[in-house]
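**Student:** Numbering of the sequence shown is given in the working numbering, commencing with residue 23 and proceeding in unit increments.
Mind looking over this structure? Questions follow.
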Amino acid sequence: MTRSSVTKKPGSVRKVIKSIVPSEPEKAEIEVHGADDLYKELRIENKLEDEKGKKVKLKKGVEVDVAIEADVKDMLPAEE
Numbered sequence: 023m024t025r026s027s028v029t030k031k032p033g034s035v036r037k038v039i040k041s042i043v044p045s046e047p048e049k050a051e052i053e054v055h056g057a058d059d060l061y062k063e064l065r066i067e068n069k070l071e072d073e074k075g076k077k078v079k080l081k082k083g084v085e086v087d088v089a090i091e092a093d094v095k096d097m098l099p100a101e102e
């Protein structure tokens, strides 16, 4: 299955949300720069791995890239 990176958008971690339930992970709220106002915030589990496989978390204020990818077979040609 061939994947193709379609676009990357810059963003920043707006806040880190602690869970009130110990069994649920904390969330990182990411603001996607350049997105429509009603859709610019994403919340993801704040559980990542670095290049060595070590568990890491995002902190408030850090700049991130949000990558949008899709299978090539699911893409349509752009209309000019």
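The beta carbon of each residue, even a glycine, is placed where N, CA and C say it ideally should be.
#1: So K31 packs on V88, CB below 8 Å; how close in whole Å?
#2: Does any residue of chain D have a CB that is nearer than 9 Å to the CB of K49?
#3: Can you grab the Cα-Cα spacing for the pair K79 / L98, in whole Å?
#4: Could you check what DSSP says for K95 in three-state terms: helix, strand or coil?
#5: Distance, Cα to Cα, I90 vs T29?
#6: Can you have a look at V94 and say buried or exposed, based on whether 16 or more other CB atoms are within 10 angstroms of its CB?
**Tutor:** Result, derived from the coordinates:
#1: Contact holds; Cβ gap of about 5 Å.
#2: The chain labelled as chain D is not found in the depicted structure, where only one protein chain is given.
#3: About 35 Å.
#4: In this structure, K95 counts as helix in the three-state DSSP scheme.
#5: Cα to Cα, the separation comes out at about 5 Å.
#6: Exposed, because fewer than 16 other Cβ atoms sit within 10 Å of the Cβ of V94.
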